[in-house]
Amino acid sequence: MEAINIKAFTEDVSQVEAIKAFMKTLKIKFEVSEKQYNSDFVAKIKQSESDFEKGNFTSVSKENINNYIDNL
90 MEAINIKAFT
100 EDVSQVEAIK
110 AFMKTLKIKF
120 EVSEKQYNSD
130 FVAKIKQSES
140 DFEKGNFTSV
150 SKENINNYID
160 NL
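Position in the sequence shown (from 1) plus 89 gives the number in my numbering.
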């Protein structure tokens with residue numbers, strides 16, 4: 090038996106269930122990994138989204154990106 094890793098980027102639970110049913114129909118043993126993101130990382134992303142919605146962000150044009158990065 091050979092084990093392979095497959096990532097399926099599903100949009101909802103029905104797609105996950107369809108994949109499970111397909112694998113069972115083919116009699117392929119599988120396990121579903123529920124790997125979670127680091128909670129600190131998730132908090133930073135949510136804070137960033139909140140800041141963006143409030144207008145707390147900086148816009149930089151393509152022409153000025155190098156200058157902006159050099160001055161960070």
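A virtual CB, placed ideally from N, CA and C, is assigned to each residue, including glycine.
I'd like the span of the alpha helix (DSSP H) that includes residue i, first residue to last.
i	result
Thr99	Here Thr99 belongs to no alpha helix (DSSP H), and DSSP marks it neither H nor E.
Lys135	Ser128 to Glu142
Asn156	Ile154 to Asp159
Roughly how many angstroms lie between the CA atoms of residue i and residue j, to the nearest whole one?
i	j	result
Gln104	Gly144	36 angstroms
Phe141	Ile117	45 angstroms
Tyr157	Lys96	37 angstroms
Thr99	Ser128	22 angstroms
Ala92	Leu115	15 angstroms
Phe111	Val102	14 angstroms
Please identify the residue among the options whose C-alpha is closest to the C-alpha of residue i.
i	options	result
Asn94	Thr114, Ser122, Lys109 and Val149	Ser122
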